[in-house]
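So the sequence shown is residues 43 to 355, counted in this note's numbering.
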Amino acid sequence: MARRYLVEETPEGLQAREAEVLDRPGRVAALGSPVGWRILQELARSPDYPSNLAARLHLHEQKVYYHVRQLESAGLLRVVRSEARKGAAARILAPTADAFAILLKGRGTPLPAPALPVAGSLRPFLEEFSRGGVFQGSIVVGSPYPHGPFLTMARDSPYAVQLGFFLGRMFAPPRGFVVKLDTEVKAAGMDRENMILVGGPVVNIVTLDLNPHLAVNFDWKQVWRIESSRTRRTYGDENVGLVAKVRNPWNPEKVVVVLSGSHYAGTSASILGLTQFTGDVLEGYEPGRDFYRVVAGEDRDGDGRPDGVSVLE
43 MARRYLVEET PEGLQAREAE VLDRPGRVAA LGSPVGWRIL QELARSPDYP
93 SNLAARLHLH EQKVYYHVRQ LESAGLLRVV RSEARKGAAA RILAPTADAF
143 AILLKGRGTP LPAPALPVAG SLRPFLEEFS RGGVFQGSIV VGSPYPHGPF
193 LTMARDSPYA VQLGFFLGRM FAPPRGFVVK LDTEVKAAGM DRENMILVGG
243 PVVNIVTLDL NPHLAVNFDW KQVWRIESSR TRRTYGDENV GLVAKVRNPW
293 NPEKVVVVLS GSHYAGTSAS ILGLTQFTGD VLEGYEPGRD FYRVVAGEDR
343 DGDGRPDGVS VLE
């Protein structure tokens with residue numbers, strides 16, 4: 043089902059809430075009572091069980107239970123969890139959405155995509171990069187000039203534009219530049235902020251310095267390849283990339299997201315995987331734990347450019 047958002051323009055900028063469409067009159071009728079309205083607003087402020095909610099609102103318990111049943115029947119309340127209270131299980135209730143809407147027939151007005159809240163598995167994966175909806179961190183790309191121990195010039199930096207379009211729909215931009223060259227970050231210190239690294243160790247010297255700290259890393263044995271200490275598998279194909287999120291080894295209070303390949307085709311696969319196949323790539327992500335996914339780019343329509351990915355591990 044398509045997600046819908048209620049977007050408000052406030053002095054602090056655009057604020058978005060995920061909204062549920064009320065698709066039949068009976069659901070709207072449950073909100074016709076001032077008491078039902080108060081209950082929904084109060085549970086949005088702080089989920090609770092009905093008897094405690096009655097005390098908060100200074101209402102008779104039976105009246106609260108009646109309106110709670112009406113709201114539940116309309117699909118406007120859900121059970122968040124159950125707790126033991128006086129020998130019985132008390133249901134903690136909350137609204138089923140951040141906002142409710144009535145969608146009328148007719149066409150809407152096309153708008154440029156606003157910054158949307160980070161949804162699904164992306165919310166915990168990128169939570170450290172958001173402060174009040176504003177992006178906090180840097181996208182670090184390889185320098186286009188010869189640099190580093192291999193004197194290479196980065197060719198995969200343009201793929202950061204794809205990443206930028208993706209992030210721009212979810213975060214408001216901060217002041218100043220978000221994208222930095224690896225040489226700039228290396229000189230300023232790699233412990234200062236959260237980072238998204240684009241490019242493998244051959245072209246990005248920050249990725250090169252991080253590489254020994256990764257459980258799935260890049261190894262040189264006649265050719266560059268990805269080697270996993272978790273599965274003991276190795277990957278030498280140019281179209282294989284790594285999507286990872288780890289604690290910054292130089293500052294554990296910060297995180298590093300790695301979107302890299304041994305070659306630029308692998309880096310493009312990792313960015314494609316995160317931006318267009320998010321659910322598959324981030325499946326099983328647990329906040330607070332290091333995360334690794336090895337992906338392979340696939341040319342499914344035969345036009346010579348990757349348009350799909352498969353998860354290898």
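A virtual CB, placed ideally from N, CA and C, is assigned to each residue, including glycine.
These numbers were taken from a predicted model, which means no experiment stands behind them.
CB-CB length for residue i against residue j, believed under 8 Å
i	j	result
PHE167	ALA214	In fact, because the Cβ distance is near 18 Å, the residues do not count as touching under 8 Å.
ASP261	ALA338	With 8 Å as the limit, ASP261 and ALA338 do not qualify as a contact, their Cβ atoms being about 18 Å apart.
ALA139	GLU62	4 Å
PHE361	LYS287	Summary: the structure shown does not reach residue 361, with the chain confined to residues 43 through 355, and so no result is reported for it.
LEU119	VAL110	7 Å
Residue environment, residue i, which counts as buried when at least 16 other CB atoms sit within 10 Å
i	result
GLU325	exposed
SER441	No answer is possible for residue 441: the residues shown for the chain start at 43 and end at 355.
GLU235	buried
PRO348	buried
PRO243	buried
ARG165	exposed
VAL49	exposed
GLY241	buried
THR151	exposed
ARG173	exposed
ALA116	buried
LEU193	exposed
GLN83	exposed
Extent of the continuous alpha helix (DSSP H) run through residue i
i	result
SER180	Element bounds for SER180: not the alpha helix (DSSP H) but the beta strand (DSSP E), 180–183.
VAL240	Here VAL240 belongs to no alpha helix (DSSP H); instead the beta strand (DSSP E) covers 237–240.
ASN94	92–99
PHE207	201–210
GLU226	224–230
GLY321	320–323
LEU164	164–167
For residue i, the residue or residues it bridges with in DSSP
i	result
THR273	Answer is none; THR273 lacks a bridge partner.
TYR306	Its beta-bridge partners do not exist; DSSP assigns none.
PRO137	LEU119
GLY74	Answer is none; GLY74 lacks a bridge partner.
VAL258	SER270
GLY190	Answer is none; GLY190 lacks a bridge partner.
GLU50	GLN57
VAL248	Answer is none; VAL248 lacks a bridge partner.
ASN290	ASN293
TYR334	ALA286
Limits of the beta strand (DSSP E) - the one that residue i falls within
i	result
VAL353	350–353
VAL220	First-last for VAL220: undefined, no H or E at that position.
Test: residue i CB closer than 8 Å to a CB of chain B
i	result
ILE268	Reference to chain B is not applicable here, since this structure consists of a single protein chain.
Below 8 Å, can you find three or more Cβ-Cβ pairs linking the segment 109–128 to the segment 82–101?
When C-beta atoms of the segment 109–128 are compared with those of the segment 82–101, three or more pairs fall below 8 Å, so the two segments count as touching.
Using 8 Å as the Cβ pair cut-off and three pairs as the minimum, do the segment 257–271 and the segment 199–215 touch?
Short answer: they don't touch.
Pairs of beta-carbons, one from the segment 175–191 and one from the segment 217–224, closer than 8 Å: are there three or more?
yes
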